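As structure tokens, the structure follows; a few thoughts come after it.
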Amino acid sequence: MISLYLGLAILLIAIVLFIIAGRQRRRAGLPGGRVVYTDTRAWGAVEKPLFDAHLGLTGRPDYLVEQNGKLIPVEVKTGRTPEAPYDAHIFQVAVYCLLVQKTYGKRPPHGIIHYPARDFAVDYTPELESALLDLLADIRRDEHRLNVERSHEDEQRCRRCGYRNACDERLA
Ligand code: SF4
Numbered sequence: 329m330i331s332l333y334l335g336l337a338i339l340l341i342a343i344v345l346f347i348i349a350g351r352q353r354r355r356a357g358l359p360g361g362r363v364v365y366t367d368t369r370a371w372g373a374v375e376k377p378l379f380d381a382h383l384g385l386t387g388r389p390d391y392l393v394e395q396n397g398k399l400i401p402v403e404v405k406t407g408r409t410p411e412a413p414y415d416a417h418i419f420q421v422a423v424y425c426l427l428v429q430k431t432y433g434k435r436p437p438h439g440i441i442h443y444p445a446r447d448f449a450v451d452y453t454p455e456l457e458s459a460l461l462d463l464l465a466d467i468r469r470d471e472h473r474l475n476v477e478r479s480h481e482d483e484q485r486c487r488r489c490g491y492r493n494a495c496d497e498r499l500a
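Be aware that the sequence shown starts at 329, since it is given in our numbering, and climbs by one per residue.
Okay, here's the thing in structure tokens:
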């Protein structure tokens with residue numbers, strides 16, 4: 329039951345991140361991500377979710393890789409490879425960077441988003457961390473609302489959206 333509860337919490341966070349990420353990026357000027365080469369042989373699976381009780385946050389990156397004494401979270405995405413990482417994916421990897429720092433006491437300099445055709449390094453800057461903490465505060469403030477306001481008028485975006493079936497605000 330606890331794992332179900334945690335799973336639902338993660339899903340809820342993912343949905344809210346996705347919906348409001350566009351708004352947040354304009355506000356914070358998120359890093360766009362650098363194309364990098366990564367050696368997948370160095371990736372280590374993560375045994376159990378990382379958890380921060382103070383923030384009430386949990387999540388499990390797909391992999392962790394050790395680079396120069398630092399642990400770098402890796403998030404693997406399937407589907408179309410974008411020209412630049414999606415905002416929601418940037419925030420997701422930022423959550424993992426924060427959880428790695430809280431769990432292991434070492435701040436990752438960046439996280440990696442692995443798309444099928446290329447990998448991006450997303451720098452875990454103080455600005456990104458601050459935008460993430462603002463976002464988490466927004467989520468806590470809105471957690472009892474039954475719906476979240478759509479932040480755009482883009483039908484195509486809704487068509488491509490993985491949360492379309494559950495979203496009352498969808499345009500298509
Ligand atoms: S379906 Fe459209 S409005 Fe709903 S979350 Fe997806 S992109 Fe946003």
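Backbone N, C-alpha and C fix where the C-beta goes; we use that ideal spot for every residue, glycine too.
Keep in mind the model is a prediction, meaning the values are calculated, not measured.
Going by beta carbon distance, what residues of the same chain come within less than 6 Å of residue i, once the five residues before and after it are set aside?
i, result
"V428", "L399, P401, P436"
"D447", "V364, T366, I440"
"P413", "G361, I441, F448"
"G397", "none"
"S458", "none"
Report the residue from the options whose alpha carbon sits nearest the alpha carbon of residue i.
i, options, result
"E481", "A465, R498, R469", "R498"
"E403", "Y432, R488, I418", "I418"
"K376", "G490, L383, A500, Y391", "Y391"
"G407", "A445, Q484, L460", "A445"
"D380", "A370, R469, G433", "G433"
"T409", "Y443, L464, L378", "Y443"
"R505", "L383, T368, L378, R369", "Residue coverage of the chain in this structure runs from 329 to 500, which leaves residue 505 outside it and unanswerable."
"V450", "L464, T368, A422, N493", "A422"
"P431", "S479, D496, N493, V374", "The sequence as given places Thr at residue 431; Pro does not occur at that position. Nearest of S479, D496, N493, V374 to T431, Cα basis: V374."
By Cβ distance below 8 Å, which residues in the same chain neighbour residue i in space, the five residues on each side in sequence not counted?
i, result
"G372", "Y391, L392, V393, E394"
"L460", "F419, A422, V423, L426"
"L378", "T386, G387, R388, P389, Y424, L427, V428, K430, T431"
"A465", "none"
Is the CB-CB distance between residue i and residue j below 8 Å?
i, j, result
"A500", "E477", "no"
Report all residues from its chain with a CB closer than 7 Å to the CB of residue i; omit the five preceding and five following residues, and keep chain order.
i, result
"H438", "I400, A449, V450, D451, Y452"
"R487", "A500"
"A370", "V393"
Compare the C-beta of residue i against all C-beta atoms of chain B and say whether one is closer than 8 Å.
i, result
"H417", "Absent from the structure: chain B. Only one protein chain is present."
Touching or not, the region 413-427 and the region 376-391, by the rule of three or more beta carbon pairs under 8 Å?
-> Enough Cβ pairs lie closer than 8 Å, so yes.
Complete beta strand (DSSP E) runs within the region 378-455 (minimum length 3 residues, chain order) = Counting only runs of 3 or more, we get 378-380, 385-387, 391-395, 398-404, 438-442, 447-451.
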